[in-house]
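Protein sequences appear in the order of chains A and B. Just so we're aligned, residue 1 is where the first sequence starts under the numbering used here, counting upward by one. Just so we're aligned, residue 1 is where the second sequence starts under the numbering used here, counting upward by one. Taking it in order: structure first as C-alpha cells, then the write-up.
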Amino acid sequence: MLHVLALGLAALLCSTPVMAQETLLRTRLNSDIRSTDPGTNRDANTDAVVQHVVEGLVAYREDTSIGPLLAERVDQSEDGRTYTFTLRQGVRFHNGAVLTSADVKFAWDRYMRRETNWRCLPEFDGRGAARVTAVETPDPLTVVFQLAEPSALFLANMARVDCGGTGIWHRDSLNADGSWRTPVGTGPYRLGEWRRGQFVELMRFPDYVARVGERDGYTGNKAAFVDRIRWLIIPDAAAAKAALLSNTIDVIPDINSEDLPEYRARSDIRTSSTQTMGVMALLFQTRDPLLRDVRLRRAIALSLDLPEMARALSDGHSEYNPSIIPSRSPANGEAQREGYRRDLNEARRLLREAGYRGQTIRMLTTQRYSSVFDAAVMAQAMAKEAGINIEFDVLDWATLLDRYTRGDYAMMAFTYSARLDPSLSFEMVSGPKDAQPRKTWDNPEGLERLRESMRISDPARRQALFDDLHRRFIADVPMITLYNDANIAAFRANVTGFQTWPTGQPRFWGVRVR
Amino acid sequence: MIGYAVRRLLAAIPTLLLVAVSVFLLMRAIPGNPAQLMLGDAAGPEEVAALRQSLGLDAPLPVQFLAWAGMTLSGDLGRSITNAQPVLPLIIERFQVTALIVLVAVGLAALIAIPLGMLAAWRQNRALDFAIVSFATLMLSIPSFWLGLILLLVFGVWLRWLPVVGFVGFTEDPAAAAVYVILPILTLVLVETGAVARMARSATIDVLRLDYISHARAKGLSEYRVLRRHALPNAMAPTLTLIGLVLGNLLGGIAVIETVFTLPGLGRLLVEAIYQRDYPVVQGVMLFVALVYVVVNLLVDLLYPVFDPRVTAE
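This is the structure in C-alpha cells:
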C-alpha cells in the first residue's frame with residue numbers, strides 16, 4: 001500500500017510541470033505619481049511609470065533623435081505640411097483589441113480638447129510650434145496629420161516625455177462620461193495595483209508586440225522580461241539607500257553622486273551613469289536695475305571658474321557646457337564650446353566701467369536639489385574674489401518656481417528639465433519678457449532665428465542657426481549655463497540590462513532579475 | 001461629565017473656525033502656485049492660467065473660502081489638487097496608520113517611562129537615578145530621524161531582521177503589518193520614554209517630599225506600597241498632562257518618522273501637500289489635527305478624576 005502511494009506521489013510530481021517562478025523587480029519613486037492620464041496631471045515620476053504602459057506614434061531614441069514606435073514609418077510631404085503615419089500591424093491594447101487608426105484619432109481628439117488639460121495642447125493648436133488642421137484615417141493602418149505650416153518640432157513635441165509621449169490608449173481607458181479611468185495602452189506593462197502613498201505595480205503584458213532590433217531610448221525593442229515591477233514610494237534618500245543595501249529594493253534610478261564611491265566599492269551593487277539633457281544654470285534678470293548692464297553680467301561670468309564649478313557640482317560626472325544645447329545633443333558642436341573663461345582682471349575692469357560700487361546682488365536658490373544650492377554658494381565665493389557682492393536667499397522649490405515664473409529675481413540658481421531638441425532648448429529660455437516674464441533671454445533677432453529653426457527641417461541650416469544663436473546668447477549673457485546633470489542609478493548585481501539614458505527616466509523593458 | 005464634554009466640544013468651535021480661516025489665508029499668502037508646480041518649468045502663462053481656472057483657483061479669495069467652508073460644513077473637505085482624491089477619506093485612511101503607531105508607541109512609552117521615572121525618584125542622586133536620567137536625557141537629545149535611520153541600519157541593513165521600507169495594513173495581514181511597524185514604534189518609544197520618564201521622576205520627587213508619604217512610611221508600609229498606592233496617583237496628574245500633549249502632538253503627524261520608514265501616514269500627507277501647495281489637503285489635515293488636539297485634551301481632562309478624586313470634571 002505504501003509502495004503504491006509512493007509511486008503515485010512520484011508520478012504526480014513528475015507529471016506536474018515545473019511552475020516558472022514569477023520575477024519581481026522593486027524600484028524607488030521619491031514621491032507618488034499624480035495620475036495615470038498621460039501628459040495631463042503629471043510630474044517626472046508619473047511620466048516614468050506611464051511610459052511603461054502607453055506608447056505614442058513616435059518616441060525619442062537613445063541619441064535623442066526621433067524614431068517610430070507605434071508607427072511602422074512616418075512620411076513627410078515635400079511641403080512639410082503633411083505627416084503620414086503607417087501603423088505597425090498586430091499591435092494590441094492591454095484589453096486585447098487591435099490598434100487601428102481610429103484609436104489614434106480617438107485619443108488625439110481627446111488630447112486636443114481644452115478640458116483634458118493636456119500640457120502640450122499649445123504645441124499643436126497654433127499657439128506654439130505647430131497647428132494641426134486635420135487628422136484623417138484613410139484606412140485602419142494609416143493616420144494623416146495636416147499642419148497649417150511646416151514645423152520642425154511636430155514630431156519632437158509629439159514624442160516629448162512630459163507630453164506623455166502623446167500616448168495612444170484604448171477608449172476603454174475612459175469612463176462613460178469621458179473622464180479618465182485607467183490606462184489601457186499598448187506598452188510592455190499594464191497597470192496593476194496603485195496603492196496611493198505606498199506603491200504602484202505594473203504587470204507584464206504577455207501579448208506585447210515588440211519592435212525588432214535593440215532597445216533604443218523610448219523606442220526600439222521594448223520586450224519585457226520581468227513579470228512584475230513594483231515602484232515603491234520612498235521619499236527619504238537615506239531610507240532608499242538602506243533598502244537597496246538590504247535587498248529590499250533592486251534599483252534606485254537616481255542616486256546622489258556622493259554615494260557613488262560607496263556603491264562602487266560593493267560587489268553586490270552595480271551602477272550606471274549618463275549625462276542627461278537637464279541644464280544647471282545661473283540666471284540673470286536682465287531688467288534688474290543693476291544687472292540690466294551687460295558689462296556687469298559679463299563680469300560675473302568672468303569671475304567664475306566655470307569648468308571647476310561644473311566638476312565640483314557634478315562630482316566629476318559632467319564637464320562645463322557653455323551652451324543651452326545639452327552636450328549629448330548632436331547639435332552641440334564646435335561653436336557651442338565658446339563660453340566664458342575666468343579672468344578676474346577683465347571682470348574688475350568691466351565692473352569699474354559699469355560703475356559697480358559693491359552693491360548687493362541677491363541670488364535665489366533652493367535646497368531641494370543640493371547642486372542648485374551648492375552652485376549658489378560657489379558662485380558667491382568666486383565672485384567675491386572679483387569684488388562682486390552676492391548674497392543668496394534659500395527658498396523652497398514651489399516658491400523658487402513661482403519667482404522664476406514671474407521673473408521676480410536678480411539672480412537665480414536654477415535647474416531646467418530636459419529638452420531633447422535644440423530649438424526647444426533655446427525656446428526654454430527665449431521670449432518676450434512682457435508676455436512671458438519667465439524667459440531670461442529677450443532678443444528680437446535671436447527670437448526670429450529661433451522661430452526659423454522651428455520651421456525648417458534641413459539639419460545643416462538648422463545647425464547654422466543654432467551656432468548663430470549660441471554666439472548671440474554668449475554675447476548677451478542672459479544666464480550662465482554650467483553643465484548638464486548626470487543621472488546615476490544603482491542596482492543590485494542580480495539585475496541585468498538596466499541602463500540610464502539622457503532623459504534621466506528609468507526603463508525596465510529589456511531588464512532581467514536573476 | 002457628559003454635559004462637561006459637550007460644553008468643551010462646543011467651546012472648540014471658535015478654535016476650529018480660527019484654524020480654518022488662518023490656514024486658508026496662510027496657504028494663500030505663501031508664494032507658490034499649484035498649477036505651475038503641476039505643469040513644471042516648461043509651461044507658459046496661458047497654460048498656467050487655464051489650469052488655475054479649471055482648479056477654481058482664479059476666483060476671489062472670499063469666494064474660494066466660502067465655497068470650501070460650505071462644503072466642509074456638509075462633511076466634504078473637497079478634492080486634492082494633486083491627485084483629485086476626496087480629502088476626507090484620504091485623511092481618515094492616513095490617520096489610521098498614524099494613530100496605530102502613535103497609540104501603541106505612547107502606550108508602551110508610558111508603561112516603561114512611568115516606572116523608570118518613579119524608580120529614579122525613589123533612588124534620587126544614586127547610581128540608578130543617574131543611569132535613568134542619563135538615558136532619558138540621551139533619548140530626548142537624539143533627533144528622531146537620526147535614531148530611526150540608525151535602527152534601520154542596524155536591524156534592516158546589518159542584521160536584516162526587519163524590513164527597511166514598506167507598509168502592510170493590519171486588516172490585510174496582521175503578522176506582516178506588525179513586522180513593518182516595529183521599527184517606527186521602537187523609535188517613537190525610545191524618544192518619548194525620555195520625556196515621560198523625566199516628568200514622572202520630577203513629579204514623584206515632589207510627591208515623595210510631602211508629609212503624607214512620611215506618614216505612610218512611619219506606619220511601616222513597604223516602599224513598594226508607598227510608591228504604588230500613595231505616590232503614583234498624585235504623581236500621575238502632571239505626567240498625564242504631558243502624555244496628553246505628546247499624544248496630541250504625535251497624532252497630528254509624525255512626518256519625520258513616516259518619511260524615514262515610508263509609512264503612508266497623516267504627517268507625510270501634510271508635508272507633501274504643503275510642498276505641492278495642495279490647498280484642500282493642507283486645510284483639511286490642519287482642521288482635522290486641531291480637532292484631534294481638542295479631543296485628546298478633553299480625554300486627558302476627563303481622566304484626571306480617575307487618578308485624583310479631588311479633581312472633578314466639572
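Backbone N, C-alpha and C define an ideal beta-carbon position, used for all residues, glycine too. Please read all numbers here as calculations on a predicted model, not as lab measurements.
query: What distance in whole Å lies between the Cβ atoms of B:V165 and A:A239, which are believed to be in contact at a cut-off of 8 Å?
result: 6 Å
field: B:T137 in three-state terms, based on DSSP
entry: helix
message: Within 10 Å of its beta-carbon, does B:V226 have 16 or more other beta-carbons around it, so buried, or fewer, so exposed?
response: buried
- prompt: Between the segment 122–136 of chain A and chain B, which residues of the former have CB atoms less than 9 Å from a CB of the latter, in chain order?
  reply: P122, R127, G128
field: Cβ pair A:A347, A:A379 closer than 8 Å
entry: no
message: For B:L269, which residues in the same chain have their Cβ closer than 6 Å to its Cβ, ignoring the five residues on either side in sequence?
response: R94
field: Among A:D254, A:D109, A:L244, the one whose alpha carbon lies nearest that of A:T500
entry: A:D254
- prompt: So is A:N157 buried or exposed if we call it buried at 16+ other beta carbons inside 10 Å?
  reply: buried
message: Quick check: A:R171 and A:F106, are their CB atoms within less than 8 Å of each other?
response: yes
- prompt: Taking 8 Å as the CB-CB cut-off, is B:L298 touching chain A?
  reply: no
field: Any 3 or more C-beta pairs closer than 8 Å across the segment 102–122 of chain B and the segment 205–224 of chain B
entry: yes
query: With burial defined as no fewer than 16 other Cβ atoms inside 10 Å of the residue's Cβ, what is the status of B:E172: buried or exposed?
result: exposed
task: Specify the secondary structure class of A:W397 as computed by DSSP and reduced to three states.
output: helix
task: Please go through the same chain and pick out, in chain order, the residues whose beta-carbon is closer than 8 Å to the beta-carbon of A:S457, but skip the five residues on each side of it.
output: Q76, G80, P150, A152
task: Answer with buried or exposed for B:V196, where buried requires no fewer than 16 other C-beta atoms within 10 angstroms of its C-beta.
output: buried
Distance, B:A175 Cα to B:P184 Cα: 16 Å
message: Using the three-state DSSP reduction, which class does A:F145 fall into: helix, strand or coil?
response: strand
message: So, with DSSP's three-state summary, where would you put A:E427?
response: helix
message: Going by C-alpha to C-alpha distance, which of A:A97, A:D421, A:D442 sits closest to A:M454?
response: A:D421
query: So what's B:P14 in DSSP terms, helix, strand or just coil?
result: helix
field: Contact under 8 Å by Cβ, B:M1 with B:V282
entry: no
- request: Report the three-state DSSP secondary structure of B:F24 (helix, strand or coil).
  value: helix
query: With a cut-off of 8 Å, do at least 3 Cβ pairs link the segment 212–226 of chain B to the segment 125–139 of chain B?
result: no
message: Going by C-alpha to C-alpha distance, which of A:E338, A:P437, A:M112 sits closest to A:R127?
response: A:M112
Contact with chain A by B:R52, beta-carbon distance below 8 Å: no
task: Could you name the residues of chain A that B:E46 contacts, counting a contact when the two beta carbons are closer than 8 Å?
output: P122, R127
- prompt: So which of A:A464, A:V132, A:L87 has the shortest CA-CA distance to A:D139?
  reply: A:L87
field: Within 8 Å, strictly: CB atoms of A:A281 and A:M428
entry: no
- prompt: Which partner residues of A:R228 appear in the DSSP bridge assignment?
  reply: A:L24, A:M203
task: State the CB to CB distance for the pair A:F373 and A:T365, rounded to an integer number of angstroms; the pair is presumed to be in contact (CB under 8 Å).
output: 5 Å
query: Cα-Cα, which of B:G169, B:G220, B:F24, B:R201 is closest to B:D385?
result: Absent from the structure is residue 385 of chain B, since the part of chain B shown begins at 1 and ends at 314.
task: Measure the C-alpha to C-alpha separation of A:L418 and A:Q505 and round it to an integer number of angstroms.
output: According to the sequence shown, residue 418 of chain A is Ala rather than Leu. Their Cα atoms are separated by approximately 10 Å.
message: To the nearest angstrom, how far is the alpha carbon of A:M203 from that of B:A237?
response: 56 Å
query: Any Cβ of chain B within less than 8 Å of the Cβ of A:P235?
result: yes
message: Could you tell me the alpha carbon to alpha carbon distance between B:D308 and B:A203, rounded to whole angstroms?
response: 14 Å
task: May I ask you to report which of helix, strand or coil DSSP gives B:M71?
output: helix
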